[in-house]
Amino acid sequence: MASKTVTANVSQSDASSPVTVTRSPAYRAYLRTLKRRAYAIQAWQIGLLVALLILWEVAPRAGWINPMLTSYPSAVARTFMTMLKDGSLLMHTWVTFGETVIGFVGGMLLGIFCAIALWWSPFIHRVLDPFIVVVNAMPKIAFVPIFFIWLGDVASIYAMAIAVSLFVTIIMLYTGFSAVDPDKIKLVRLFGASRRQVLSKVVLPASVPTLISTLKVNVGLALVGVVVGEFQAAKAGLGYLITYGSQIFQMNLVMTAITVLAAISSVLFIGIQALEAFVLRGSGR
Amino acid sequence: MIAQAMTTGPVVALRNVVLHYFSPERETLALSNISLEVTRGEFVAIVGSSGCGKSTLLSLVSGLMQPSHGDIYLEGCKVSAPSPRTGYMFQKDTLLEWRTVLDNVLIGAELLGLDMRAARARAEDLLRRYGLGEFIHSLPHQLSGGMRQRAALARTLCPDPDLLLLDEPFSALDYQTRLALSDEIAAILRNEHKTIILVTHDIGEAISMADRVIVMSRRPGRIKAEHRISYQSAGLQRPTPFEARKCPEFAIYFETIWNELDLHEMQ
């Protein structure tokens, strides 16, 4: 299973400071250097992407590699446009997107609930800990055929998306809950807080950054679960397109589906980042 | 008159308090037979080397922990749970970083179910008096260490406790801030006529601030000695902690307590 690791991306600058000082020439030069460097990095990123696309276009056409195996960008683009026009691409994308969002939200909610239960009762945590660790280490993809048999073609896809992300969520959140400063818990207990209040006033708000890192990891994992589920079960969706395209040796179709998957994961990830910026805005965390 | 006489007993009384700690490896006797009384308005400091159980003693008085034997009384009632009449200050400021300064100060009122409008007015008043008026709606990370600890003091005092438990509240600050802040806080607390128990390993802090210093032995913690602190050389008025450090008595108290702590025998 290709678990997608996600690097935290904090790129907001602190340029909002209200202090206006006259800038020395040396400082202006420093700012110019910074800007130039940022442009250079962007130029390289775009250049690299373009170079890869050109190589991909040229290599099959020049006969360096078999176009049957790789297809090439212009052919993929044609397929993409055709499928866009007849509406089939949108339909498949929508199916996968919907399944991913539902699986993702379901996995998160269930994971939050389980993590709270484990935090609430250290005894339950002690009992279940080894099971959670083992299940988490298991390749959930091995369950795809079983889920299909048990749950049928639709539910097995959601189940896969949830199964892939649930245990990571539980482990990450529980670890976050346990890492909350004990003095902060002591503080509210000294004001007579009940366990429910310790949870709502301290543990949950303190774990918001953990929750967001978990979201970031889970977006990718839910997508993995959905696509794998679709490989086995679906009659629609991008995972279905990939299997179908490879069975009839239509690499255009496979590549188109993969491109759209990349777009979906980017959109979801950007959404989470916007959420992060909104939630942690100004709190200095 | 009689009723008044009855309530002028000790604010806090510990009677033969013993505490055992259990861990899978061993049983530890943390506190051994501690008896202690603190009268209204008194500022008592407890000094001891680290691990002598002095912070544990505060946890017991706060009601978060129960002693293995013996009893603890607050205003004549046995302590069995945290009381709103007790305020607690930590080594770290423990401000909740997602709440504004004002909301941090109000958390006590919120949890204790006090009248929020009155609490809010008091919180704003306290913050203004402690020089945090401009920062009421700031988040803690925008404040300096000294300001954060003053916000923590406002949080402790907002529900108007009678008894204050200070658990090394200055030790996380740098030296200059610590001296300045201990002057400030000593003045605030004396003005508010609070009863105070300060726990510290800093002898200078204890004798410069407190009326009475209690020296604890190493584990198992016992009361080893007790000193009433007065600065006759400074006249009738109690000197500020900073001035007290310059009085000739300071050096004498310091030396006596230093010897009682046996710090040189450690390690």
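Chains as they are written, first to last, in my numbering: chain A, 1 to 285; chain B, 1001 to 1267. Idealized CB from N, CA, C, for every residue including glycine.
Quiz item: If you run the structure through DSSP and keep just helix, strand and coil, what is residue 1262 of chain B?
Solution: Residue state, collapsed to three classes: coil.
Exercise. Please check if any C-beta of chain A sits within less than 8 Å of the C-beta of residue 1196 of chain B.
Key: No, its Cβ sits nowhere closer than 8 Å to a Cβ of chain A.
Practice problem: With 7 Å as the limit, tell me which residues of the region 74-98 of chain A have their beta carbon closer than that to any beta carbon of chain B; keep them in chain order. | Solution: none
Quiz item: How many whole angstroms separate the CB atoms of residue 232 of chain A and residue 148 of chain A, which I take to be in contact at a CB cut-off of 8 Å?
Solution: Confirmed, Cβ separation roughly 5 Å.
Exercise. Please decide whether residue 205 of chain A counts as near chain B, where near means a Cβ-Cβ distance under 8 Å.
Key: yes
Quiz item: How long is the line joining the alpha carbons of residue 1230 of chain B and residue 1194 of chain B, rounded to whole angstroms?
Solution: 19 Å
Practice problem: Name, going along the chain, the residues of the region 179-206 of chain A whose beta-carbon falls closer than 8 Å to a beta-carbon of chain B. | Solution: Residues of the region 179-206 of chain A with a C-beta less than 8 Å from any C-beta of chain B: 181, 183, 184, 186, 187, 188, 189, 190, 191, 192, 193, 197, 201, 202, 205, 206, listed in chain order.
Quiz item: Does the beta carbon of residue 10 of chain A sit closer than 8 Å to a beta carbon anywhere in chain B?
Solution: Confidence is the limiting factor: at residue 10 of chain A the pLDDT is only 39, short of 50, which leaves the residue's position unreliable and the question unanswerable from this model.
Quiz prompt | Interface flag, residue 1092 of chain B vs chain A, CB-CB below 8 Å | solution = Answer yes: the Cβ-Cβ gap between residue 1092 of chain B and chain A drops below 8 Å somewhere.
Quiz item: For residue 287 of chain A, which of helix, strand or coil comes out of DSSP?
Solution: Because chain A in this structure spans residues 1 to 285, residue 287 of chain A falls outside the shown range and cannot be described.
Quiz item: Between residue 1167 of chain B and residue 1089 of chain B, is the Cβ-Cβ spacing less than 8 Å?
Solution: yes
Exercise. Could you check if residue 1191 of chain B is buried or exposed, using at least 16 other CB atoms within 10 Å of its CB as the buried criterion?
Key: Answer is exposed; the Cβ neighbour count stays below 16.
Quiz item: Where does residue 240 of chain A land, buried or exposed, given buried means 16+ other C-beta within 10 angstroms?
Solution: buried
Exercise. With a threshold of 16 other CB atoms inside 10 Å of the CB of residue 1125 of chain B, please say whether the residue is buried or exposed.
Key: Result: exposed.
Quiz item: Would you say residue 1021 of chain B faces chain A, with C-beta separation under 8 Å as the test?
Solution: Judged by the 8 Å Cβ criterion, residue 1021 of chain B is not in contact with chain A.
Practice problem: Give a yes or no on whether the minimum CB-CB distance between residue 1108 of chain B and chain A is below 8 Å. | Solution: So yes, residue 1108 of chain B belongs to the interface.
Quiz item: From this set, A:238, A:24, A:198, A:60, which residue's C-alpha is nearest residue 93 of chain A's C-alpha?
Solution: A:238
Practice problem: State the start and end residues of the unbroken beta strand (DSSP E) segment that holds residue 1167 of chain B. | Solution: The continuous beta strand (DSSP E) containing residue 1167 of chain B extends over residues 1163-1167.
Exercise. Output the residue ranges of the beta strand (DSSP E) runs that lie fully inside the region 1046-1091 of chain B and measure 3 residues or longer, sorted by chain position.
Key: 1069-1074, 1086-1089
Quiz prompt | Closer than 8 Å to chain A by CB, residue 1084 of chain B | solution = At least one C-beta of chain A is nearer than 8 Å to the C-beta of residue 1084 of chain B.
Practice problem: Kindly indicate if chain A contains any beta-carbon less than 8 Å away from that of residue 1062 of chain B. | Solution: For residue 1062 of chain B, a Cβ of chain A is located within less than 8 Å of the residue's own Cβ.
Quiz item: Which two residues bound the contiguous beta strand (DSSP E) that contains residue 1028 of chain B?
Solution: 1027-1038
Practice problem: Establish whether the CB of residue 1096 of chain B and some CB of chain A are separated by less than 8 Å. | Solution: So yes, residue 1096 of chain B belongs to the interface.
Self-check item: Neighbour list for residue 1112 of chain B in chain A, Cβ cutoff strictly below 7 Å
Solution: Within chain A, the residues near residue 1112 of chain B are 191, 192.
Quiz item: When the Cβ atoms of the region 114-129 of chain A are set against those of the region 174-193 of chain A, are three or more pairs found closer than 8 Å?
Solution: yes
Quiz item: What are the start and end residues of the alpha helix (DSSP H) that includes residue 1122 of chain B?
Solution: 1116-1129
Practice problem: Could you check what DSSP says for residue 1255 of chain B in three-state terms: helix, strand or coil? | Solution: helix
Quiz item: Rounded to a whole number of angstroms, what is the C-alpha to C-alpha distance between residue 1249 of chain B and residue 1239 of chain B?
Solution: 12 Å
Quiz item: So, does the CB of residue 1231 of chain B fall closer than 8 Å to a CB anywhere in chain A?
Solution: no
Self-check item: Residue burial classification, residue 5 of chain A (beta-carbon count within 10 angstroms, cutoff 16)
Solution: Model confidence at residue 5 of chain A stands at a pLDDT of 41, short of 50, so the residue's coordinates are unreliable and nothing is read from them.
Practice problem: Thinking residue 1043 of chain B and residue 1202 of chain B are a contact (beta carbons under 8 Å), I'd like their distance in whole angstroms, please. | Solution: About 15 Å; that fails the 8 Å criterion.
Quiz item: Closest by CA to residue 208 of chain A, which one among A:272, A:221, A:187, A:156?
Solution: A:272
Exercise. Could you work out which residues of chain A lie near residue 1088 of chain B, taking near to mean beta carbons separated by less than 7 Å?
Key: 190
Practice problem: May I have the straight-line CA-CA distance separating residue 10 of chain A from residue 216 of chain A, to the nearest angstrom? | Solution: For residue 10 of chain A, the predicted structure reports a pLDDT of 39, less than 50, and the residue's modelled location is therefore unreliable. A value from the coordinates is still provided. So the two alpha carbons sit approximately 13 Å from each other.
Quiz item: Where does residue 191 of chain A sit, in a helix, a strand or coil, going by DSSP?
Solution: Of the three classes helix, strand and coil, the one that applies to residue 191 of chain A here is coil, per DSSP.
Quiz item: Among all the DSSP beta bridges, which residues are the ones paired with residue 1021 of chain B?
Solution: B:1028
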